[in-house]
Amino acid sequence: MLRTKRRTFGNIAGHVSGVNDLADLSAWTAQQLDPTLSWDSIRWLRDRWSGKLIIKGILDPEDAYIAAQVGVDAVIVSNHGGRQLDCAPSTISVVSEVARALGDRTEIFLDGGVRSGQDVLKALCVGADGVLIGRPFLYGLGAMGAQGVMRTLEILQKEMDLTLALCGRKSVADVGRDMLMPAPF
């Protein structure tokens, strides 16, 4: 370990003035966060942006409801990988409450913890309109390059198809809460 290079963030170091090491990066990152950001800020942005407006990081049904009230087109239920708050709930555990709070007013995407086609279907069953997947594709890329990404997609599709068949469903349009059994505790 003593002979290894110092860790850096190559996509920032050398590209941002004054960021040369992790201490500089920490200070720079803190400067990028605006503690005054509020729902009024989102409303201000909505008034000036006619494109799709999607908010990521929603875990609370009340926040999801407010997001819909200020005009967002979609919310992404995400705990940002759990790296920021080690006590944040898993996204799959809160997406159904978010869906109940929003009804059909706003699209809901789930981000985090999705590792299989079965996970995709579980998220859709409990209220997500779509699922964001990152890590499995990174594993595929690392193992086999671009072919690994395509192989990962094939595996996820096969897992979804198999799960649908085992549940007696033909399409993701046919999935719902009735496919799930409550946890036995």
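Using the numbering used here, the first residue of the sequence shown is number 864, and each one after it goes up by one. Quick reminder that beta carbons are idealized off the backbone N, C-alpha and C, glycines included. All figures in this text were calculated on a predicted structure; none of them were measured in a lab.
Quick one: what does DSSP say residue i is sitting in, helix, strand or coil?
i            : result
residue 1018 : helix
residue 1003 : helix
residue 908  : helix
residue 993  : strand
residue 1075 : Nothing about residue 1075 can be read from this structure; the chain reaches only from 864 to 1048.
residue 1042 : helix
residue 866  : coil
residue 885  : helix
Alpha carbon to alpha carbon, what distance is there between residue j and residue i?
i            : j            : result
residue 1006 : residue 1016 : 14 Å
residue 941  : residue 866  : 38 Å
residue 988  : residue 1034 : 12 Å
residue 938  : residue 1009 : 29 Å
residue 875  : residue 1038 : 43 Å
residue 944  : residue 1036 : 28 Å
residue 1026 : residue 959  : 20 Å
residue 1030 : residue 893  : 48 Å
residue 969  : residue 883  : 42 Å
residue 877  : residue 1042 : 51 Å
residue 868  : residue 1002 : 24 Å
According to DSSP, residue i sits in a beta bridge with which residue or residues?
i           : result
residue 960 : Answer is none; residue 960 lacks a bridge partner.
Inspect the beta-carbon positions of residue i and residue j and report whether they are closer than 7 Å.
i            : j            : result
residue 918  : residue 930  : yes
residue 933  : residue 906  : yes
residue 995  : residue 974  : yes
residue 916  : residue 909  : yes
residue 955  : residue 962  : no
residue 1012 : residue 1019 : no
residue 957  : residue 922  : yes
residue 1023 : residue 990  : no
residue 920  : residue 953  : no
Jot down the residue ranges of each uninterrupted beta strand (DSSP E) in the region 913 to 985, minimum 3 residues, whole runs only, in chain order.
917 to 921, 937 to 941 and 970 to 974
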